[in-house]
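Participant:
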Amino acid sequence: MNVNQQPHMASPYGQPQPGYQGYPQPGYGGDNVPSGYPAQYAPYNGPGSAYQQGPPQGYSPYASFPSKTLTTNLVSDLSSSSPLDLGMRGPPTSGAPPVSGAQNYSQFGQGETQNGPPPMVAPPQRPPVSQPYTPAAVNLPGPQPTYGQQYGAPPVSMQQMTNQMASMQVGSTAPSPAGPGYAPQSFPQAPPVSQPPFSTAQVQPGPTQSYGRPLPSTQPSFPRPPLPTSQPSAFPAGPPPTSTPSQLPGVIQPQPPVSQPPPYHSGPPPTSTGFPPRPPFHGMQGLPMTSQGPPMASQGPPMASQGPPMASQGPPMGSQGPPMAQANHILPTQPGMPPGPINTSLSGPPPQPGMQGYPAQQNGAFGQVRGPQPGYTGPYPGQQNYGAPSTAPAPAPAAPKRLDPDSIPSPQASDMPPVQKTRHRIDPDAIPSPIQVIEDDKANKGSEPFTTGVRGQAPPLVTTKFQVKDQGNASPRYIRCTSYNMPCNSDMAKQSQVPLAAVIKPLAPLPPDETPPYLVDHGESGPIRCNRCKAYMCPYMQFIEGGRRFQCGFCSCVTEVPPHYFQHLDHTGKRVDCYDRPELSMGSYEFMTTVDYCKNNKFPQPPAFIFLIDVSYNAVKNGMVGIVCQELKTLLDYLPRENPDVESNIRVGFVTYNKVLHFYNVKASLAQPQMMVVSDVADMFVPLLDGFLVNVSESRVVIESLLDQIPEMFADTRETETVFGPVIQAGLEALKAADCAGKLFVFHSSLPIAEAPGKLKNREDKKLVGTDKEKSLFQPQVSFYNTLAKECVAQGCCVDLFLFPNQYVDVATLGVVPTSTGGSIYKYTYFQAPSDQERFLNDLRRDVQKQMGFDAVMRVRTSTGIRVTDFFGSFFMSNTTDVELAGLDCDKTVTVEFKHDDKLSEETGALMQCAVLYTSCSGQRRLRIHNMAVNCCSQLADLYRNCETDTIINYFAKYAYRSILSSPTKNVRDSLMNQCAQILACYRKNCASPSSAGQLILPECMKLLPVYLNCVLKSDVLQPGADVSLDDRAYLRQLVSTMDVAESHVFFYPRLLPLQKLDVESMTLPMAVRDSEERLSRGGVYLLENGLNIFLWVGVSAQQELLQNIFGTPAFSQIDSNMTSLPALDNPFSKSLREIIESVRAQRSRYMKLMVVKQEDKLELIFKHFLVEDKNNNGGASYVDFLCHMHKEIRQLLS
């Protein structure tokens, strides 16, 4: 059974009933919500219509879900360079289109046609596995409406669907006169000639806009009644001319090569169809680049000569559903949801001139017919009940006459009875697939090492496992650029709108088979630098005059080489010791620095870690205090160190607090720890110096005694109020007194409402969400924490915050100090020790042990022509060039944006050098240098050929998430969409071959930009559901700001693995499937991970053997959905699965809690939230819809 195309499962619940209110819902960290608490995620109404919530009408919760028995593999991506034809078009090439022109809808109410579950009839067969994909242009029709559109009516009965499909078996019918798949085109799609006419019960006069739109192959919007074979005409009004394919005017119709088997159910391909067979474009994957072959016009005779325009054929459009100008925003027909209102205001003008008509879609491009989908109970209110008895014949079409589509008025949604607002749908298999792109990159670039010696070479994707060989440019693990070919001038950059940015992860961990950066020590004199711009010695410096001077690659200034550094040059002008010196031959390396690089011109002390533990009632009651104290006893043996054989130099200190602070003296000479209470929180000071910060091995006995006593001391506390500002001040003062940098680990549970500096009030106001005032909720309440953060940075005091909230704690304000000091925030909403302890402890262990630098300053220098203008991440800036980080760990990234300040030359390219000065965990002051050279281009095509979409999305997300501090979220979303449309329109206008304006053409390396950008736009931060808390949004906003490209990729487009395809012999992961509900098989088990959560989704029909191997029980009903770890069973499958989960966790910087989700269980609502290709509850568009919307935007820009 192929997992990739599965029926949509109707969700048996619309809005959760009152009884569901508090089912355990994970917050972003997957925390369980005990009943009664507000849920973290909006209830999932099935992948529903855009702006409508409410229980699905016309859906029977008892409907059974017949499993698909006849699925076959669909080509899941555009595997050759085709322009995509999105949207309205005729039937798929070789298939008998599934729906006739006019259909009848019933005048009866909902549910009068059928009650109860649909008959269990085998669903129609899918196309054969061998389906060829001819790169057809994907035609997106004219202006599209935005998302608020509802779906077409579901099938009335499976029997009818099956009967209708009877004539679609491969090879079972003669080709229609119009040629294979060019059945006479009626408005959604004409059936093969052998099908009977359908009449509509109600025909509204009005022009027909018949850009026939293909129907879903798994869920047609318009099921048809059983078809007699005697009637020759597909049109209610008589057959269209059979001599020429009936197509839209002015459109070249791509055709599959005759030699290939047709992709969809069809008759044998004819060899003389009025069209020349259309050759596939070779060598271009997915969407055309500039090299994409001949312009479309050369592919066949223009359609205008091929037959009468569609407007003259078939019944008026009004009787069928929304006018096509609207309909081409194609929404998935999904069960379980009532139709949404048509958003007339967004339906847009009629099609632009010059794009009359759109090619019918061919093999594998957008809009293939999808067969009927099982599991529907019947029509919904407000939707046509196709398949009801036909009541009146349709009027005959007028005589064929040419109509300019522009002259066709677009009837408003209000002109049509609600019954008729139906939708068609583009086939998701025809649009660019993230999985296909990821797999292709693995195949092409995963086998051999990536050598960095070639300037401007784009690295493998973050999803590909590869080895890096440093030959003069920094590894992509340290720096990834949005484009490896920069425009030569600012005009070109403005025209393309492609952001020029680099995501830099200075201390990134490397896999074991790669060498960490070499440490270079130049002794007393320190690193060699350019006299003018102060760039550090690197491979871009050119030695001249026999090696006595060097010319800077960044500013061209000439600098004397110090005598101790002199070396002769060889016959090519290189120093003869070039390959012996990392700074002359490598992209990344470190320098030992001199005292001149240290604060106050003295070498730093080793850093300190201070643990500050909230001991108020909530923190004690939920078990956090006991868990922290118990864990620290062993964790302190694993403090970071550079040499694993030597013990760590880091000293530690302990504070507990509620409304007052308790400091502990744990000096080695004491028999028992001593506690000192500071109740004057308004003027914080540290009551002891000696004995507060100690060496772990010396004071071990006293420390363990303290950690045993803390939980007992506060076991019966009744103090519920806490302070927060004074806690950080206390840690800061302790580090100042010890004259060292360090890190505070704060374990905090509630909103700090006690009287003290930094006191906060509850300002959570859902009424502000979506208004212009919403931005204030992401800004800190008080300025106190900004000032405190500045002081912390000056001292090198980094703050990591572990939150255990049961209600609003104002993460936006509490997070100011951690995010300004390079720290991290961890959030465990509704923390419960049994289920959340494992995640918290793993996060804490990793946070304490990971490599980090303290008191860091980072500067990025660039060659003449560009400069750094903007920075994103967790840091503080006191001037425009230096990024100051009290702490910089191996997970943190800083994203920098470049702008032109002069022209660049194609010969020299553009250079950047990132230098980070930091104190290592052993107390050494070091400089880490990363160098990067990229190409420059004067042709837009070269820019578009060398972009990296994952990095662009990382930049866009950070830019958008920062923008909501100053702009309404709607404006932020609109500007992102606009910039994306401009990027793609510029490519279309300047780089693509001429083709019909109805085609959506995407650059090869950006063809996933729409799907990924849509994931950003509908993320909880920018488009929250009703149940997403403000704290969660603030938390995610801060989390994403420091993510690297690999983390942001899986966060926005989660990885979904079909475990039923796991091969226990090979131990390779099964190939992922796309994030859509229709990819889930009822008989499957899937693993979904997004960097914060792991879900194990179990289909209701999963094989007993599979369940036995995973859970130790063969019965679906006996699986415990509260389990957070899988049982260790003695079978190969169980071992492999547990190893996979561990390896997936090891790849992420945060520990992902496992949640088991049973199909049709209430937790499934949360799981579906991460199926990002589907519509979501918050009004977020599906991938297909968004692509259509993008196409509309691009066309408006081009016209």
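Under this note's numbering, residues 25 to 1223 are what the sequence shown spells out, in order. Yeah, the Cβ is synthetic: ideal placement off N, Cα and C, and Gly gets one too.
(1) Between residue 840 and residue 804, how many whole angstroms is the CB-CB distance? I'm expecting something under 8 Å.
(2) Determine, using beta-carbon pairs with one atom in the segment 697 to 717 and one in the segment 752 to 764, whether at least three such pairs fall under 8 Å.
(3) If you measure from the CB of residue 1087, is any heavy atom of the ligand FMN nearer than 6 Å?
(4) In three-state terms, what does DSSP make of residue 594?
(5) Assuming residue 829 contacts residue 1055 (C-beta within less than 8 Å), just tell me the rounded distance between them.
(6) When burial is assigned at 16 or more other CB atoms within 10 Å of the CB, is residue 542 buried or exposed?
(7) Does the pairing of the segment 1186 to 1205 with the segment 1107 to 1122 give three or more beta-carbon distances under 8 Å?
(8) Could you check if residue 1203 is buried or exposed, using at least 16 other CB atoms within 10 Å of its CB as the buried criterion?
(9) For chain C, find out if any of its Cβ atoms is closer than 7 Å to the Cβ of residue 1038; answer yes or no.
(10) Give the straight-line distance between the Cα atoms of residue 1139 and residue 808, rounded to the nearest whole angstrom.
(11) Restricting to Cα atoms, I'd like to know which of 1126, 1059, 1077, 1214 is closest to residue 801.
(12) Beta carbon of residue 1112, beta carbon of residue 1080: below 7 Å?
(13) When burial is assigned at 16 or more other CB atoms within 10 Å of the CB, is residue 861 buried or exposed?
(14) Measuring alpha carbon to alpha carbon, tell me which residue in 846, 902, 853 is nearest residue 835.
(15) Going by DSSP, name the residue or residues bridged to residue 633.
(16) From the DSSP secondary-structure annotation, give me the bridge partner or partners of residue 1214.
(17) Taking DSSP as the reference, what is the three-state secondary structure of residue 1014?
(18) Relative to the C-alpha of residue 1144, which candidate in 1185, 1153, 1159 has its C-alpha closest?
(19) Could you tell me the alpha carbon to alpha carbon distance between residue 1031 and residue 995, rounded to whole angstroms?
(20) Take every Cβ of the segment 957 to 975, pair it with every Cβ of the segment 926 to 937, and state whether three or more of those distances are shorter than 8 Å.
(21) Let's see if you can read the secondary structure: which residues bound the beta strand (DSSP E) around residue 1177?
(22) Since residue 639 and residue 682 should fall inside the 8 Å C-beta cutoff, what is the C-beta to C-beta distance between them, to a whole number of angstroms?
(23) For the beta strand (DSSP E) containing residue 851, name the first residue and the last one.
(24) Assuming contact is defined by CB atoms lying nearer than 7 Å, are residue 880 and residue 912 in contact in what I supplied?
(25) Check for me: the alpha helix (DSSP H) holding residue 812 runs from which residue to which?
(26) For residue 561, tell me which candidate among 998, 545, 856 has the shortest Cα-Cα distance.
(27) Whose CA, out of 1037, 993, 921, lies closest to the CA of residue 1004?
(28) What are the complete alpha helix (DSSP H) segments, minimum 4 residues, inside the segment 727 to 771?
(29) In angstroms with no decimal places, state the Cα-to-Cα distance between residue 812 and residue 893.
(30) Below 8 Å, how does it come out for the segment 627 to 646 and the segment 547 to 563: are there three or more Cβ pairs, yes or no?
(31) Looking at the structure shown, is residue 565 part of a helix, part of a strand, or coil, going by DSSP?
(32) If distances are taken between C-alpha atoms only, which option among 923, 568, 529, 741 comes closest to residue 952?
(33) Where residue 1046 and residue 1074 are concerned, what is the direct C-alpha to C-alpha distance, given to the nearest angstrom?
(34) Just the C-alpha distance for residue 701 and residue 738, rounded to the nearest angstrom, thanks.
(35) Indicate whether residue 910 and residue 770 have their beta-carbon atoms separated by less than 7 Å.
(36) I want to know whether the segment 448 to 459 touches the segment 1204 to 1221 - three or more CB-CB distances under 8 Å.
Facilitator: Straight from the coordinates:
(1) The C-beta separation of residue 840 from residue 804 comes to about 5 Å, placing the pair in contact by the 8 Å criterion.
(2) Yes: the two stretches touch, three or more of their Cβ pairs being nearer than 8 Å.
(3) Ligands are entirely absent from the displayed structure, and the ligand FMN is therefore not among its contents.
(4) DSSP places residue 594 in coil when its eight states are reduced to three.
(5) Yes, they are in contact, since the Cβ atoms of residue 829 and residue 1055 sit about 7 Å apart, within 8 Å.
(6) The residue in question, residue 542, is exposed, as its Cβ has fewer than 16 Cβ neighbours within 10 Å.
(7) Under the 8 Å Cβ criterion, the segment 1186 to 1205 counts as touching the segment 1107 to 1122, having at least three qualifying pairs.
(8) Of the residues assessed, residue 1203 falls on the buried side of the cut-off, its CB having 16 or more other CB atoms within 10 angstroms.
(9) The structure shown contains no chain C; it holds only a single protein chain.
(10) Near 57 Å, if we compare the C-alpha coordinates of residue 808 and residue 1139.
(11) It is 1059.
(12) Yes, the pair counts as a contact, with Cβ atoms nearer than the cut-off.
(13) So residue 861 counts as buried.
(14) Selected option, being the one with the closest Cα: 853.
(15) Residue 633 is bridged to 676, 767.
(16) None; residue 1214 has no bridge partner.
(17) If DSSP states are grouped into helix, strand and coil, residue 1014 belongs with the helices.
(18) Nearest to residue 1144 by alpha-carbon distance, out of 1185, 1153, 1159, is 1185.
(19) So the two alpha carbons sit approximately 25 Å from each other.
(20) Yes: the two stretches touch, three or more of their Cβ pairs being nearer than 8 Å.
(21) Its beta strand (DSSP E) spans residues 1177 to 1182.
(22) Residue 639 to residue 682, Cβ: 6 Å. Contact.
(23) Membership of residue 851 in the beta strand (DSSP E) is indicated by the continuous run 849 to 851.
(24) Against a cut-off of 7 Å, the Cβ pair of residue 912 and residue 880 comes out as a contact.
(25) That run of the alpha helix (DSSP H) goes 808 to 819.
(26) Of the candidates 998, 545, 856, the one whose C-alpha sits nearest the C-alpha of residue 561 is 545.
(27) Of the listed residues, the one whose Cα sits closest to residue 1004 is 1037.
(28) Runs of the alpha helix (DSSP H) inside the segment 727 to 771: 749 to 762.
(29) Taking the straight line joining both Cα atoms gives about 26 Å.
(30) Short answer: they don't touch.
(31) Reduced to three states, the DSSP call for residue 565 is coil.
(32) Of 923, 568, 529, 741, the residue nearest in Cα terms is 529.
(33) Here the C-alpha atom of residue 1046 lies approximately 18 Å from the C-alpha atom of residue 1074.
(34) When rounded, the distance between both Cα atoms is 14 Å.
(35) No.
(36) Segment contact: the segment 448 to 459 against the segment 1204 to 1221, three or more CB-CB distances shorter than 8 Å; contact assigned.
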